Amino acid sequence: MTARFIIGALEARHDRKTFSCGVYALDRYLKEQAGQDIKRRTAMCYVAHEPDSDKVAGYYTLSAGDMALKDMPEEVAKRLPRYPVIPVARVGRLAIDKEYQGQRLGAAMLWDAANRALRAEMGVFALAVDAKDEPAAAFYRYFGFVAFPSMPLQLFLPLATIAKA
1 MTARFIIGAL EARHDRKTFS CGVYALDRYL KEQAGQDIKR RTAMCYVAHE PDSDKVAGYY
61 TLSAGDMALK DMPEEVAKRL PRYPVIPVAR VGRLAIDKEY QGQRLGAAML WDAANRALRA
121 EMGVFALAVD AKDEPAAAFY RYFGFVAFPS MPLQLFLPLA TIAKA
């Protein structure tokens, strides 16, 4: 499974041209925008590739963000400080090339993002995602993410939960 992949920061040597996950916006982002976001430090992009290849098998982005306390489930919100927003690490995009789909690489990349958030040298309450549709939300729920009551496609997983895993 994932032992055959290396996950690290996107570099110029990585082949992005052939990446195709089946979602135009995600393909375009990797090919045209990811490098600019890294330079501007608005997001970091991490890619998976096989050890003997620079072809991108999958990628995700990670950036700082926040969640409104008022939108969180009550049982979670009552244990947090009364700040209007709570800091999170946000997975902005997660995509796997069609050639590698169905091999649990998405799960491995999500785990990698969770571990990077845990190692962050800043205060972060949770790993947050904005699922693009219901099947994507189901993927995140499978790994324990919780949806905001009024926004079912916005989900989060407290870092305390990740640390216990």
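Numbering (UniProt numbering), first residue to last: 1 to 165. All C-beta atoms, glycine included, are put in the ideal place defined by N, C-alpha and C. Note that the structure is predicted; figures quoted are calculated from it, not measured.
Test: residue i CB closer than 8 Å to a CB of chain D
i    : result
L155 : The chain inventory of the structure shown lacks chain D, comprising one protein chain alone.
Nearest candidate by alpha-carbon position, reference residue i, set the options
i    : options                  : result
R49  : D133, R16, F148 and A165 : Checking the sequence shown, residue 49 turns out to be His, not Arg. Checked all of D133, R16, F148 and A165; the closest Cα to H49 is R16.
A12  : D27, R141, Y46 and L26   : Y46
P152 : A160, A137 and F143      : A137
K132 : R4, A25 and P149         : A25
A120 : F145, V88, V146 and G35  : V88
D97  : A57, G123 and Q36        : A57
Distance between residue j and residue i (C-alpha atoms, nearest Å)
i    : j    : result
I7   : F125 : 24 Å
M1   : M109 : Summary for M1: the model assigns pLDDT 44, below 50, so the residue's position carries little reliability; its value from the coordinates is reported in the next sentence. Spanning the two alpha carbons is a distance of roughly 12 Å.
K70  : P84  : 7 Å
K55  : L10  : 11 Å
A68  : G92  : 17 Å
F139 : R90  : 16 Å
C21  : A95  : 6 Å
L30  : Y59  : 8 Å
F145 : A117 : 15 Å
A113 : A64  : 12 Å
Q28  : F143 : As written in the sequence, residue 28 is Arg, which differs from the Gln given in the question. Cα-Cα distance, rounded: 27 Å.
Simplified DSSP state of residue i, which is helix, strand or coil
i    : result
Y83  : coil
G65  : strand
A137 : helix
G22  : coil
M151 : strand
M109 : helix
R93  : strand
Beta bridge counterpart(s) of residue i as assigned by DSSP
i    : result
H49  : I6
K55  : D15
V88  : G65 and A126
F156 : A128 and V146
So, does the segment 69-81 touch the segment 36-52, judging by three or more C-beta pairs under 8 Å?
no
Report yes or no: do three or more beta-carbon pairs, one from the segment 80-87 and one from the segment 96-111, lie closer than 8 Å?
no
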